[in-house]
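For the sequence shown, the residue numbers in our numbering are 1107 to 1380.
Here a beta-carbon is modelled for each residue, glycine too, at the ideal position from N, C-alpha and C.
Bear in mind the structure is a predicted one, so any value in this text is a computation, not a measurement.
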Amino acid sequence: MLQSLSSSPNFSHFPSHHFPRDIKTKPLLDRDHEPAEIVDIALQALQRAGVELIEWRAVLYRRMNVPILVKNFSYVVPDDDLEGASDILSSLGLPLTPPSTFLLRYEGDFRSTGRFHRVTPETEPFMVQHLVLYPLSFSSLAQSELTEETPFHLTSSYRCSKILVPRPSAVYASLIRMMLNYPRQCSTRTHLESDLSELIGYNLLDLSGGYVDPDDNQLWEDLQVNSRIERAVSLIQQWSCDREWREGEEWIADALIAVVRGSVDIGDLPYNAS
């Protein structure tokens, strides 16, 4: 739980050695740091204020073998801590970026629900990067599905040594669970479907290109895709044996297996029809 945060964060209750001196005297964006280093400093400040951080989206997907470009560093925090944690980032000199109409339409709830704090001096759309905070309820993750791991935003971090990470089965379950909240061809669901597709290709099937055309028989055989599919199915079934699905959500394993085998398209997974 966040420690006594208000609209104007006060760090006076922390011993002075808890924060690097230059954080207090010079805005982070004015210093010669790469975005990932700025994120590292910011995560340290949040953790020392008692904020529980869960690695999410691009950084988490890279951990799971998806060769995605990390434009935004996303983390999930408890709902009650979201505003206070965002205030801390602002106090560190990481400005909150309001969403544009275009990005709201293109990214849907991934843009409207997150708090986007800029971690680059550049503000141009193709150059800007953010540290993004999302409320736990939006991610649909639960504390019981998390483990403490070494962070993945930097090759080596001496400031933020541990972070909460969803176990793989929970990542897949959360995406499929979130998809239930949206209608087909909704921008938020489109992003969820894309995330799920990349994770299946790169993580579950361990394909270096993430996808193989089923009609390319030679490449399918060369890459032993059928064997990869069976290994992925066995892993999902093992998650079921280990009771990693929430009660009443065992169907997620069947749905995931159907997608992996190619008998069901991701777009045909359950959706909100209301």
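Using a 10 Å radius around the Cβ and a threshold of 16 neighbouring Cβ atoms, would you call residue i buried or exposed?
{"i": "W1357", "result": "exposed"}
{"i": "A1148", "result": "buried"}
{"i": "C1266", "result": "buried"}
{"i": "S1275", "result": "buried"}
{"i": "E1327", "result": "exposed"}
{"i": "Q1235", "result": "buried"}
{"i": "D1360", "result": "exposed"}
{"i": "S1262", "result": "exposed"}
{"i": "N1309", "result": "buried"}
Between the Cα of residue i and the Cα atoms of the options, which residue gives the shortest distance?
{"i": "S1413", "options": "F1208, L1298, P1257", "result": "Because the chain here runs from 1107 to 1380, residue 1413 falls outside it and cannot be looked at."}
{"i": "L1239", "options": "L1281, L1362, I1194", "result": "I1194"}
{"i": "P1376", "options": "Y1212, Y1288, S1196, G1368", "result": "Y1288"}
{"i": "S1380", "options": "D1215, N1171, L1286", "result": "L1286"}
{"i": "L1281", "options": "P1201, I1144, W1162", "result": "W1162"}
{"i": "E1230", "options": "E1254, T1203, L1242", "result": "T1203"}
{"i": "P1201", "options": "G1220, R1224, T1261", "result": "R1224"}
{"i": "P1141", "options": "L1310, F1179, S1197", "result": "F1179"}
{"i": "Q1249", "options": "N1332, T1219, D1371, E1350", "result": "E1350"}
{"i": "D1301", "options": "I1144, N1171, A1364", "result": "N1171"}
Identify the continuous beta strand (DSSP E) that holds residue i and give its terminal residues.
{"i": "W1162", "result": "1160-1162"}
{"i": "D1297", "result": "Looking at the sequence provided, one finds His at residue 1297 rather than Asp. From DSSP, H1297 is part of no beta strand (DSSP E) but of the alpha helix (DSSP H) over 1293-1305."}
{"i": "P1241", "result": "1236-1241"}
Please find out if some non-hydrogen atom of the ligand COA comes closer than 7 Å to the beta-carbon of residue i.
{"i": "P1376", "result": "Judged by which ligands are present, the structure shown has none, so any question about the ligand COA falls away."}
When DSSP labels each residue in this structure, what does residue i get in the three-state scheme?
{"i": "V1225", "result": "coil"}
{"i": "P1272", "result": "strand"}
{"i": "Y1288", "result": "coil"}
{"i": "V1172", "result": "coil"}
{"i": "T1207", "result": "helix"}
{"i": "F1258", "result": "coil"}
{"i": "S1314", "result": "coil"}
How far does the alpha helix (DSSP H) with residue i in it reach, from first residue to last?
{"i": "V1339", "result": "1331-1347"}
{"i": "S1197", "result": "1188-1197"}
{"i": "V1088", "result": "The requested residue 1088 does not occur in the structure, where the chain is confined to residues 1107 to 1380."}
{"i": "V1365", "result": "1357-1367"}
{"i": "S1218", "result": "1215-1218"}
Three Cβ pairs or more, each shorter than 8 Å: is that satisfied between the region 1204-1215 and the region 1178-1192? The region 1204-1215 vs the region 1178-1192: no contact.
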